[in-house]
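First up is the structure itself, then whatever we jot down about it.
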Amino acid sequence: MPESNQALVVFAPVAGDAVTLRALIEHEGVQACVCVDAATFYAAADDSALALVITEEGLARCSLQDLSARLGHQPAWSDLPIVVLASGEGRDIDTDRYTRLAGIGNVILLTRPTTRLALTMALRSALRTRRLQFAVRDQLDELSQHAGRLESTVEERTRLLEHEVQERHRAEQSLAEARRLESLGQLTGGIAHDFNNILQVVAGSEILLRMLLAKSDDPRVTRALDGIRRSAGHGASLTQQLLAYARRQPLASVAIDMRLHLRATSEMILRTLGPEVRFHMELASSLWAVLADPAQLDAALLNIAGNARDAMPDGGALTLQVRNWVLPDPALPQGDRLSGDFVGVFMTDEGEGMSEATAQQAFEPFFTTKPIGKGTGLGLSQVYGFAIQSHGLAFIRHEPVGTTIGILLPRSQEQVAAAVVDPSTLRADGLAGLRVLYVEDDPAVADATVGLLQSMEAGVRVIDSADAAIQADLRDIDIVFSDVMMPGTMDGIELARWLAERHPELPVVLTSGYMLSPERLQALDVQFVRKPFTAGDINDAFVKALRKNDAAGPRQRR
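For reference, each letter of the sequence shown is one residue, going 173 to 730 in the numbering used here.
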């Protein structure tokens, strides 16, 4: 309490004594609180009082028991000074009462008559003692506040340390999981590369056999060729999913209007789900465009939908929710490793859900809990690979009922791409008379592809490396068709860059079933076909490359 509000409490029933004491006290610059009765005196004797001054007449009206009880409730720092003005020895003095009074408080006893100086010195001594007590009180309060702040700081730091330890543990688990999946990706990507070359030979040979045996009336030939085509197509689909997981396939990433795209994709999702599953779509009103490969996005959504359908054999509901996110966001802890603007695509089913062990392996290639023949285990691995290669994230979240599989895709700063012209409308041009430089290091793949090109009436010259291609005479070449992965000092992408600098008028088509750094393809102005390819795939890519080259600058075919 401020000292301006504190007072020296006086109980002097004799009017003259009260006036004299008030004047003396106020002369010392201290307020005087003169009490008229014992009750008022008891009430004023609180922790804020500077001291008590009581005359013998006042003491006679007080109960020492009540006064003792009042002083007994003082805090630990307080020992309220009491100045007692007793009568002189010539009068009847109750010394026993003074003795008992001394036992209950900090008593200064003065015998009247006394000098003004003696009384002043006694008052100053009481005030000095009381102010020291107030200083101790303030220090104790400050120490208590410091202790409280220290305790609060320790608790906060402890909480932060616990959170930091938990975050570090979670980050280490996420890193270990990412490394494990990356190792699996490298393994599966290498397998897919070799398998694609094998499939290319199978698919190419099937097409040539079909042409050579076109006049055969034996239905067994047709059935056998149809079986080869179906198996090659199934194998190609599997390798594409493996490459998606391994992030070793080039993505045709463009800016996608999510509202328009998802409305169109919803029809395919409905066909995938069947009549037993109810499908709901909840799209935010102002969705950002995303940068992604539309075909791979569709494949990911269909893979998730198929997984959800299998998780609800008796029917249920599948909900597609799409909204914008600025990450990191505490509301979406799964995306705390990302930073910036993203669009979240979440599909939630009402199925039986996944155990924690299943969820940890669900993105692995060939992992499945379905019976043999009911699934390949590559659907969710494609989702994971597509999301990561698109610089986003895929995750699995347990719900009270069912499971949510989420994809986070980065916001596109580009304009939404215009509709692409269907190359099938350009096939009328054909490839007849086209002179092709074909660069391929695998002899079996080269033989099968040359047969396809020749069946389309194109002339083909084969070279087995990019190093040899840059030494070749290109004056009689209309288009270069090159594999990406090959031995030597440069691969197909570096060959395309070299041709763009030295022969910008020469169109280039690249092909591959596996790429170490598929993002390198994004900066090239070339067409690309995935292995294994068909005659139609080659025709589409060649026609688009030639048309695009003619639009940039007409080139006479020699």
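No residue lacks a Cβ here, since even glycine has one placed at the ideal position from N, Cα and C.
Note that this is a predicted model, so its numbers are computed, not measured.
Rounded to whole angstroms, the separation of the alpha carbons of Q305 and F213 is 21 Å. Cβ-Cβ distances below 6 Å link F183 to C207, F213, I226 and G230 in the same chain, with the five nearest sequence neighbours on each side left out; the list follows chain order. DSSP places Q554 inside the alpha helix (DSSP H), whose first and last residues are G551 to Q561. Leaving aside the five residues that flank A404 on each side, the residues in its chain whose CB is nearer than 8 Å to its CB run, in chain order, L371, V374, A375, E378 and P704.
According to the DSSP assignment, E528 belongs to the alpha helix (DSSP H) that extends over E528 to Q533. Taking all protein chains in view, the Cβ of D655 is crowded by 16 or more other Cβ atoms within 10 Å, so the residue is classified as buried. The bridge partners DSSP lists for F700 are L682. By the neighbour-count definition (other C-beta atoms within 10 Å, threshold 16), P679 is a buried residue. Assignment of beta-bridge partners to D521 by DSSP yields L490. Annotation: G275 to R309 spans about 23 Å, alpha carbon to alpha carbon. Here the stretch 454-466 does not lie against the stretch 613-631, with fewer than 3 beta-carbon pairs under 8 Å apart. According to DSSP, V449 shares a beta bridge with G488. Considered as a whole, the stretch 210-292 harbours 210-216, 228-233, 236-243 and 267-276 as its complete alpha helix (DSSP H) runs of no fewer than 4 residues, in chain order. In terms of Cβ geometry, A641 and L667 form a close pair [threshold 8 Å]. Contact between the stretch 191-207 and the stretch 231-241 is absent: fewer than three C-beta pairs spanning the two stretches fall below 8 Å. Inter-residue distance for I635 and L473 is about 41 Å (C-alpha atoms, whole angstroms). In the structure shown, W460 adopts coil according to DSSP, grouped into three states.
The alpha-carbon of G320 is positioned some 12 Å away from that of L312. Membership of A187 in any beta strand (DSSP E) is not indicated; the residue belongs instead to the alpha helix (DSSP H) covering A187 to H199.
Take V698, set aside five residues on each side of it, and the residues of its chain with a beta-carbon closer than 6 Å to its own are A668, V680 and L682, in chain order. A direct Cα-Cα distance of roughly 22 Å separates A717 from M658. Residue range T575 to P582 is occupied by the beta strand (DSSP E) that includes T576. Within the same chain, and ignoring the five residues on either side of P247 in sequence, the residues whose Cβ sits closer than 8 Å to its Cβ are D219 and R309.
Distance between A534 and L552, taken at the CA atoms: about 7 Å. DSSP, reduced to helix, strand and coil, places E612 outside both helices and strands of the structure shown, so it counts as coil. Ranking F518, G507, A630 and L510 by CA distance to the CA of L490 puts F518 first. Residue state for R607 is assigned as strand, using DSSP reduced to three classes. DSSP places G708 in the helix class (H, G or I) of the three-state scheme.
Rounded to the nearest whole angstrom, the C-alpha separation of V393 and A604 is 28 Å. Look at S388 here: in three-state DSSP terms it is coil, with no helix or strand label. Taking the C-beta atoms as reference points, D513 is found no nearer than 8 Å to R607. In the structure shown, R395 falls within a helical segment according to DSSP collapsed to helix, strand and coil. Its chain contains A427 as the residues whose beta carbon lies nearer than 7 Å to that of Q587, once the 5 sequence neighbours on both sides are disregarded; these appear in chain order.
Per DSSP, the unbroken alpha helix (DSSP H) holding A471 starts and ends at P466 to A483. Per DSSP, A640 is one residue of the alpha helix (DSSP H) stretching across A638 to A641. At the C-beta level, D521 and A461 stay beyond 8 Å of one another.
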